[in-house]
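Note sheet for the following structure.
Shown next as structure tokens:
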């Protein structure tokens, strides 16, 4: 089959005004960024009083390092709904330039289930990432300038927690020293860069309800502590207004289309570990207003992405998902059954029988939120009929609908069975969604509920550093917020090599910090990389553009 970029470049795209018109958007309510992409005005978002459609979340089992095609299934499913006569709108995250030029790739789906224009979406898009970078670094500049100009707030330069960002993988910037070169350049201190999608401002963008809420949340960012040990916020530096000014266009959701001209709103893309890994509340709510069915996704497996979607995004957005699609692959389940990467293409029902315990646990997890679930087997050419049947029989025994999905190869046609089974499920089973914990519980109680109920851990152990941080957050009344767990995505535990459905393990909490503007508490259980590095042979090495402006080697 053709590679992704070739398929995308051959797409028969419609002018974005035509896609908007299909959704009932007038040209006055969209702002054009060329012929095939636009932003939807916030006025349209505020005034649209249409009845909300159904909300379908796409999540997955614990992934392998190669990923399981969650975005591809999301795009293919949106196309499939339209094939069966349902007006569907897709809501996705924006790709970051770092992974595009590194090793992971973009986030626009694949095969015949892609969003287009793929090159634009993966390269700069409408400039949202740059706006976030600028707003973030304006705050950083204001912090160092305040210290240089006399430090009226008595900011302790040893306890500044807010870092600079850039939208590129660059390991050399993880730990740096600023203020070198003498008195004129400020005070010497340690600092560092994160990738833009790890910025708290990205998380704020995706949880804000409007521009005023965005500004207020940015003002509430905890930037560090003063010499008396008290918290200092961005609003103390009086720059939240200027930061909001930089974000005035970025807050508007972006509208594009799929290869089959299904509308897709792509907006925001926070890290799925130190943040909540979901597209913006504004984009999801807009999709619910504009379509009969909104199809969205959450990063990583259900133990991370879906849990945060339910406990953070749905809580702040007052969202109620109607159905969850749980993506699984034969390859990933065999990986969880102990098969090495080089042997994943070889049929092994025995390994599948061991690894399917991971699927079992993720089904249980979703049901704990009282939302119906449908399993999607994302088909690979190496899957044997016997292996597929084993998963189908397992799902039947567990009273969950299952669909063999071929959207990568066949586009919407490959997801029609899945779409029909989701409709049947939503018609038959009513969602009684509710978060799994009360945010007013203590930090430790909330962590224990997630660790024991979702991960299956037997205990939670805390470093003394984490205990001190919890005490400090309680002291300053910053503890009554949802929890955002930061752990490996490859295992239900906090150890990536514990595959399948591990038992009898403990979760080790190393650090606890607050993203006060975003409105959640980040709990780190391992070393979370917030500034990736490039691999030995970066994807950028294979990319080029010819004299006609045609891009080559982008996936």
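Residue numbers (the UniProt record's numbering): 1 to 555. Where is the CB? At the ideal position from N, CA and C, for every residue including glycine. This one's a predicted model, so the numbers in the text were calculated from it and none came from an experiment.
Beta-carbon proximity check, residue i vs residue j, cutoff 8 Å
| i | j | result |
| --- | --- | --- |
| residue 443 | residue 512 | yes |
| residue 204 | residue 218 | yes |
| residue 554 | residue 5 | yes |
| residue 321 | residue 403 | no |
| residue 109 | residue 71 | yes |
| residue 132 | residue 19 | no |
| residue 563 | residue 387 | Past the boundaries of the shown model lies residue 563; the chain is included only from 1 to 555, so the question cannot be answered. |
| residue 418 | residue 77 | yes |
| residue 252 | residue 423 | no |
| residue 370 | residue 271 | no |
| residue 492 | residue 462 | no |
| residue 164 | residue 185 | no |
| residue 326 | residue 373 | yes |
| residue 265 | residue 250 | no |
| residue 381 | residue 391 | no |
| residue 220 | residue 233 | yes |
| residue 256 | residue 37 | yes |
| residue 196 | residue 167 | yes |
| residue 352 | residue 328 | no |
| residue 285 | residue 244 | no |
Bridge partners - residue i, DSSP secondary structure assignment
| i | result |
| --- | --- |
| residue 278 | 298 |
| residue 54 | 293 |
| residue 91 | 265 and 296 |
| residue 195 | 166 |
| residue 459 | 506 |
| residue 60 | 327 |
| residue 109 | 114 |
| residue 233 | 222 |
| residue 515 | 520 |
Buried/exposed call for residue i, threshold 16 Cβ in 10 Å
| i | result |
| --- | --- |
| residue 414 | buried |
| residue 231 | buried |
| residue 212 | exposed |
| residue 532 | buried |
| residue 35 | exposed |
| residue 342 | exposed |
Residue i (DSSP reduced to helix, strand or coil)
| i | result |
| --- | --- |
| residue 414 | helix |
| residue 501 | coil |
| residue 226 | strand |
| residue 79 | helix |
| residue 485 | strand |
| residue 431 | coil |
| residue 303 | helix |
| residue 464 | helix |
| residue 401 | strand |
| residue 331 | helix |
| residue 437 | coil |
| residue 153 | coil |
| residue 141 | helix |
| residue 185 | helix |
| residue 239 | coil |
| residue 258 | strand |
| residue 190 | strand |
| residue 375 | strand |
| residue 544 | strand |
Taking three-plus beta-carbon pairs below 8 Å as touching, is the stretch 77-95 in contact with the stretch 289-300?
Output reads yes: the stretch 289-300 touches the stretch 77-95.
Cβ contact (3+ pairs, closer than 8 Å) linking the stretch 437-451 and the stretch 474-482
Cβ pair count under 8 Å is three or more, so yes.
Are the stretch 55-65 and the stretch 294-303 touching, with three or more C-beta to C-beta distances below 8 Å?
Short answer: they touch.
Determine contact between the stretch 29-44 and the stretch 141-151, defined as no fewer than three beta-carbon pairs at a distance below 8 Å.
In the pairwise beta carbon analysis, the stretch 29-44 is classified as not touching the stretch 141-151: fewer than three pairs are separated by under 8 Å.
Can you find at least 3 beta carbon pairs, one from the stretch 6-17 and one from the stretch 113-133, that sit closer than 8 Å?
yes
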